[in-house]
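Residue numbers (the numbering used here): 1 to 338. First up is the structure itself, then whatever we jot down about it.
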């Protein structure tokens, strides 16, 4: 019989992770692929970790300290042996045929990342994400949140949700994994757009399903990371001409986010992000040089996957209707010169 594709599923274990055992057992029950589960101890307190580490085809790595999602995933992939790498959240339950389906989609040479349809664990008939939206100003959010699945074929998406995505190991190595300075949030958007910029597609596959124990927590540290990382994301991935043309709306968005932060009580965290970016300016500049040098597809082409409208129910900045109307008109006007 022909050898099955070998998939290394990297699972970060952080704090209690109540669904960790179900997550790992579901991955090991995958069909039509050979699965290796790489558990990254990122400060896990779940007593099941010891039991899981003794299972066949489970590898445990990590220092036992929380090094962040970015560094944790990198450590997991470094310990992996598969020709395919899957990132799977510790609170995600993957259906038996899902990994094989994503590997099948990756057989197409034009596909760089294949992401599963992530559904809400408590309401499995509803989507958590059909792929992530990425705004032309760098904001990213889950697409199709709480919608019902209507698709039957893989669809292109700007971003792959890091909760359940598969790549060839060769593609991951080509990208160099995640930039560990992100720590958490936005790194999946960066690696997705870098895939588009290299001439490969990012697709979301509706019949590769994972159930996710998703909760959008509104804590100030999360907003600090998201806003800080968004600015690093835009300033390193967007080309110089795109940044110049988008300068006015980027500044306007900063004002809106400062007002939102003041209203919701995380203004100190927003300002703290500016301080971090200044202290790490050498890394940001070096990262920008590296990412601009690797680009194979012009900004005008890959930026077609971005949206010019905020339509997420998770965050509602003040004046979002006016912002959408103005941004749509402005982007239609300037995108021809990107």
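Just so you know, even glycine gets a beta-carbon here, dropped at the ideal spot from N, CA and C.
Taking the alpha carbon of residue 335 as the point to measure from, which residue in 299, 320, 321 has its own alpha carbon closest? Translated into positions along the chain shown, residue 335 becomes position 335. Here the closest residue by C-alpha is 299.
Tell me whether the region 36-49 and the region 7-25 touch, counting them as touching only if at least three CB pairs, one residue from each stretch, are closer than 8 Å. The region 36-49 vs the region 7-25: in contact.
Same chain, Cβ closer than 6 Å to residue 195, five either side skipped, listed in chain order: Within the chain shown, residue 195 is the residue found at index 195, counting from 1. Same-chain partners within the cutoff: 112, 113, 202.
Would you tell me roughly how many angstroms separate the C-alpha atoms of residue 236 and residue 2, rounded to the nearest one? Taking the chain shown and counting its residues from 1, one reaches residue 236 at position 236. Taking the chain shown and counting its residues from 1, one reaches residue 2 at position 2. So the two alpha carbons sit approximately 43 Å from each other.
Run of the beta strand (DSSP E) containing residue 45, from where it starts to where it stops: To locate residue 45, count along the chain shown from 1; it is residue 45. According to the DSSP assignment, residue 45 belongs to no beta strand (DSSP E), since it is labelled neither H nor E.
Could you tell me whether the region 172-180 touches the region 114-130, where touching means 3 or more Cβ pairs closer than 8 Å? no
Measure the Cβ-Cβ separation of residue 107 and residue 165 and say whether it is below 8 Å. Residue mapping note: residue 107 aligns to position 107 of the chain shown, counting from 1. Residue mapping note: residue 165 aligns to position 165 of the chain shown, counting from 1. Going by C-beta atoms, residue 107 is not nearer than 8 Å to residue 165.
Which residue comes first and which comes last in the alpha helix (DSSP H) that contains residue 283? Along the chain shown, one-based indexing puts residue 283 at 283. 281-294 is the span of the alpha helix (DSSP H), which, as asked, contains residue 283.
Can you list, in chain order, the residues of its chain whose CB lies under 7 Å from that of residue 22, leaving out five sequence neighbours each side? Residue 22 sits at position 22 when you count from the first residue of the chain shown. Excluding positions up to five away in sequence, the list reads 93.
According to DSSP, simplified to helix, strand and coil, what is residue 238? Working through the chain shown from its first residue, we reach residue 238 at position 238. Note: residue 238 maps to coil in three-state DSSP.
Let me know if residue 307 comes out buried or exposed under the rule of 16 or more other beta-carbons within 10 Å of its beta-carbon. Within the chain shown, residue 307 is the residue found at index 307, counting from 1. Buried, by the Cβ-count rule.
In terms of alpha-carbon separation, which member of 151, 186, 46 lies closest to residue 132? Translated into positions along the chain shown, residue 132 becomes position 132. Answer by Cα proximity: 186.
With distances taken Cα to Cα, identify the nearest neighbour of residue 161 among 283, 211, 148, 173. Here residue 161 is taken as the residue at index 161 of the chain shown, counted from 1. Ranking 283, 211, 148, 173 by Cα distance to residue 161 puts 211 first.
Tell me where the alpha helix (DSSP H) around residue 256 begins and ends. Against the chain shown, residue 256 aligns to sequence position 256. Its alpha helix (DSSP H) spans residues 247-264.
Residue nearest to residue 158 in terms of C-alpha spacing, selected from 147, 145, 140, 174: The residue given as residue 158 occupies position 158 in the chain shown. With distances taken between Cα atoms, residue 158 lies closest to 140.
Across which residues does DSSP place residue 129 in a beta bridge pair? If you number the chain shown from 1, residue 129 lands on position 129. Bridge partners of residue 129: 118.
Helix or strand or just coil, what does DSSP make of residue 70? Walking along the chain shown from the start, residue 70 turns up at place 70. Helix.
Inter-stretch contact at 8 Å, needing at least 3 Cβ pairs: the region 216-227 / the region 259-267: When C-beta atoms of the region 216-227 are compared with those of the region 259-267, three or more pairs fall below 8 Å, so the two segments count as touching.
What's the C-alpha gap between residue 246 and residue 43? Against the chain shown, residue 246 aligns to sequence position 246. Against the chain shown, residue 43 aligns to sequence position 43. In a straight line, the C-alpha of residue 246 is about 40 Å away from that of residue 43.
Where the beta strand (DSSP E) through residue 8 begins and ends: What you label residue 8 is simply residue 8 of the chain shown in a count that begins at 1. It spans 6-15 - the beta strand (DSSP E) in which residue 8 sits, taken as one unbroken run.
Under 6 Å Cβ to Cβ from residue 71, same chain only, skipping five residues before and after it: list those, please. Looking up residue 71 in the chain shown gives position 71. Once the five neighbours on either side are set aside, the close Cβ partners of residue 71 are 180.
Closest to residue 58 by C-alpha separation, out of 253, 31, 151, 35, would be which residue? For the purposes of this step, residue 58 is taken as residue 58 along the chain shown, with counting starting at 1. Scanning 253, 31, 151, 35 for the CA closest to the CA of residue 58 turns up 35.
Using CA atoms only, rank isn't needed, just tell me which of 163, 152, 79 is closest to residue 69. Residue numbering aside, residue 69 sits at position 69 when the chain shown is read from its first letter. Residue nearest to residue 69 within the set 163, 152, 79 is 163 (criterion: CA-CA distance).
From 67, 134, 152, 90, pick the residue whose C-alpha is nearest to that of residue 18; which is it? The residue given as residue 18 occupies position 18 in the chain shown. Residue 18 has its Cα closest to that of 90, out of 67, 134, 152, 90.
Nearest CA to the CA of residue 151: which residue from 129, 67, 138? Counting from 1 along the chain shown, the entry for residue 151 is found at position 151. Answer by Cα proximity: 129.
Which partner residues of residue 135 appear in the DSSP bridge assignment? Reading the chain shown from its first residue, position 135 is the one you call residue 135. Beta-bridge partners assigned by DSSP to residue 135: 307.
Got a sec? Which residues, its chain only, sit under 7 Å from residue 213 by beta carbon, not counting five neighbours each side? If you number the chain shown from 1, residue 213 lands on position 213. Closer than 7 Å at the Cβ level, and outside the excluded window around residue 213, lie 19, 91, 121.
Measuring alpha carbon to alpha carbon, tell me which residue in 288, 49, 81 is nearest residue 231. Here residue 231 corresponds to residue number 231 of the chain shown, with the count starting at 1. The shortest C-alpha separation from residue 231 is found at 288.
Is the beta carbon of residue 61 within less than 7 Å of some heavy atom of the ligand MN? Although the ligand MN was asked about, the structure shown includes no ligands whatsoever.
Assuming contact is defined by CB atoms lying nearer than 8 Å, are residue 198 and residue 296 in contact in what I supplied? Stepping through the chain shown from its first residue, residue 198 is reached at position 198. Stepping through the chain shown from its first residue, residue 296 is reached at position 296. Result yes, Cβ atoms of residue 198 and residue 296 sit closer than 8 Å.
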